[in-house]
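Working notes, beginning with the structure itself.
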Amino acid sequence: MDFIESVKEKARRNPQRIVFPEGTEERTLKAANVILREGLAKVTLIGDPDQIAHLASEYYLDHIGAAKIVDPKNNPDRQRYIDLMLKLRAAKGLTPEQAAELIEKPLYLGAVMVKAGDVDGEVAGADNATSDVLRPAFQYVKTEPGVSVVSGAFLMTLPDKMFGENGRMVFADCAVTPNPTAAELAQIAVITGRTARVLGGFEPRIAMLSFSTMGSAKHEMVDKVVEATRLAREMDPSLEIDGDLQADAAIIPGVACKKAPKSRVAGRANVLVFPSLEVGNIAYKLVQRMAHAEAIGPILQGLASPINDLSRGCSVDDIVGVAAITACQAMRKENK
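Residues 1254 to 1589 (this note's numbering) make up the sequence shown, in order.
And the structure:
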């Protein structure tokens, strides 16, 4: 069973409430129909109810009737949400008039619904830029306690099963934070380990990557990785984590025996944490293209409640998969 199928199976066992702010977008509607048909989540669509009903009929979507529809222009919870927005942002200069205007924007409405606890997670981005999806998430949902940085992980499935966990690996950060500090890199490592447990279904063995292995090179960039490793171990002693490690020492047993013989992670890492966004983004794309790996993501990590951003070139299947991932992330919050 591949990553997405295993995630879908988890989602079915405990359906979560997922809101889709782009409720009239064609791929989103079709994905919502699949999600409802397969029992992956309880769906809330934001949009004009008449338009959604018309489009559902036009596309022959026979399960959309089971979705909850929230009209951003005529919402009975409007004032409650405005009050919440003002509570959270009045000190930042938000006025009642501005809140009343923003709450009619689907991306803001979706984020506030998540914050209010009326839904468990959000999926958007099929019709909006990443910055537009993330801005209300950062402003209203914010990061989880003890975490100050949001990152993006990719679930990687490689044809060669010798790597990672029978070909499964998690890479981070590949999408959000350009140059994390040591403290931020430690947070990314710990959060990515949790992602491996929740979505990958395996115990993480985390390699903190560098151009140095166990001090073989001296540089401030290496120092950052070494310090991040120390901090991550303090944050979560249950994690198997080691660094600094070069990529080959992290994933090739023969190289690990020579370069890091005492490491419990070297040669068998299934989670790779990159020292910067530049390195992570380049690495996952090279592995995806040259090793013909499947790359699922980015999966946003570190928010207080799960909100995931789609590519504007996404397919219906992509949206269904991200919704299942979001549901599983919501279950982790529920079980904390």
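Think of the CB as a built atom: it goes at the ideal place given N, C-alpha and C, for glycine as much as any other residue. Small disclaimer: the values here were computed from a predicted structure and weren't measured.
To the nearest whole angstrom, what separates the beta carbons of residue i and residue j, a pair I think is in contact under 8 angstroms?
{"i": "C1567", "j": "A1379", "result": "6 angstroms"}
{"i": "I1441", "j": "S1469", "result": "With 8 angstroms as the limit, I1441 and S1469 do not qualify as a contact, their Cβ atoms being about 23 angstroms apart."}
{"i": "L1525", "j": "A1503", "result": "6 angstroms"}
{"i": "A1390", "j": "A1364", "result": "5 angstroms"}
{"i": "A1546", "j": "G1374", "result": "With a Cβ gap of about 26 angstroms, A1546 and G1374 do not count as contacting."}
{"i": "I1317", "j": "A1309", "result": "4 angstroms"}
Could you check if residue i is buried or exposed, using at least 16 other CB atoms within 10 Å of its CB as the buried criterion?
{"i": "L1492", "result": "buried"}
{"i": "L1539", "result": "exposed"}
{"i": "R1565", "result": "exposed"}
{"i": "T1348", "result": "exposed"}
{"i": "E1531", "result": "exposed"}
{"i": "G1496", "result": "buried"}
{"i": "I1535", "result": "exposed"}
{"i": "Q1499", "result": "buried"}
{"i": "N1432", "result": "exposed"}
{"i": "M1467", "result": "buried"}
According to DSSP, is residue i helix, strand or coil?
{"i": "Q1440", "result": "helix"}
{"i": "S1465", "result": "coil"}
{"i": "T1348", "result": "coil"}
{"i": "S1401", "result": "coil"}
{"i": "L1293", "result": "coil"}
{"i": "K1326", "result": "coil"}
{"i": "A1406", "result": "strand"}
{"i": "K1358", "result": "coil"}
{"i": "T1396", "result": "strand"}
{"i": "V1372", "result": "coil"}
{"i": "K1340", "result": "helix"}
{"i": "N1286", "result": "helix"}
Could one say the Cβ of residue i lies closer than 8 angstroms to chain B's Cβ atoms, at least one of them?
{"i": "R1333", "result": "The chain labelled as chain B is not found in the depicted structure, where only one protein chain is given."}
What are the boundary residues of the beta strand (DSSP E) that includes residue i?
{"i": "L1452", "result": "Per DSSP, L1452 belongs to no beta strand (DSSP E) and is neither H nor E."}
{"i": "P1551", "result": "1547-1554"}
{"i": "S1558", "result": "First-last for S1558: undefined, no H or E at that position."}
{"i": "M1461", "result": "1458-1462"}
{"i": "R1565", "result": "R1565 -> no beta strand (DSSP E), and no H or E assigned at all."}
State the beta-bridge partners of residue i as determined by DSSP.
{"i": "L1525", "result": "F1424, A1460"}
{"i": "D1495", "result": "A1460"}
{"i": "F1416", "result": "None, per the DSSP bridge assignment."}
{"i": "I1317", "result": "Its beta-bridge partners do not exist; DSSP assigns none."}
{"i": "A1377", "result": "D1562"}
{"i": "R1270", "result": "K1295"}
Alpha helix (DSSP H) containing residue i: first to last residue?
{"i": "Q1304", "result": "1302-1311"}
{"i": "F1256", "result": "1256-1266"}
{"i": "S1516", "result": "S1516 -> no alpha helix (DSSP H), and no H or E assigned at all."}
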